[in-house]
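Peer 1:
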């Protein structure tokens with residue numbers, strides 16, 4: 620039986636969610652993409668797909684974050700990915716260092732966004748009180 624058929628799909632999802640990492644090997648490129656889509660559809664989780672060849676392109680494109688590793692199988696995965704590396708060992712630095720920097724930048728941006736909108740709205744209210752809400 621195919622693991623992604625409708626009657627065993629939920630069992631596969633429950634088993635995959637009990638694991639920290641899911642590695643799909645000896646499956647077709649379509650099945651890899653279907654596993655990623657299954658997790659994206661039924662779980663509120665961010666998916667990361669790592670591939671190194673043309674058979675991983677559909678999986679990389681369907682994941683939230685796609686990482687392509689340039690290797691002997693060609694550059695198809697690298698061209699389809701969000702991030703690309705020459706070697707797998709650089710993944711740790713991407714996730715731990717650059718991921719943290721991205722999080723800090725996003726937090727600063729959100730603080731600035733709320734500050735800007737609050738200041739802009741406060742000026743409008745002040746102007747309304749100053750003019751007696753006459754719009755003149």
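Residue numbers (this note's numbering): 620 to 755.
The C-beta atom is built at its ideal place from N, Cα and C for all residues, glycine as well.
Just so we're clear, the structure is a prediction, and the values are computed from it rather than from any experiment.
Which residues share a DSSP beta bridge with residue 702?
Peer 2: Answer by DSSP bridge pairing, in chain order: 686.
Peer 1: Do residue 678 and residue 655 have their C-beta atoms closer together than 8 Å?
Peer 2: For residue 678 and residue 655, yes; Cβs fall inside 8 Å.
Peer 1: Less than 7 Å between C-beta atoms, sequence neighbours within five positions excluded: which residues of the same chain meet that for residue 702?
Peer 2: Counting only Cβ-Cβ distances below 7 Å, and skipping sequence neighbours, we find 686 and 713.
Peer 1: Span of the alpha helix (DSSP H) holding residue 635?
Peer 2: That run of the alpha helix (DSSP H) goes 628-636.
Peer 1: If you draw a straight line from the C-alpha of residue 642 to the C-alpha of residue 670, how long is it?
Peer 2: So the alpha carbons of these two residues sit roughly 11 Å apart.
Peer 1: Do residue 667 and residue 632 have their C-beta atoms closer together than 8 Å?
Peer 2: No, Cβ-Cβ distance for residue 667 and residue 632 is not below 8 Å.
Peer 1: Quick one: what does DSSP say residue 664 is sitting in, helix, strand or coil?
Peer 2: Residue 664: coil per DSSP, three-state reduction.
Peer 1: Alpha carbon to alpha carbon, how far is residue 706 from residue 697?
Peer 2: C-alpha separation (whole angstroms): 12 Å.
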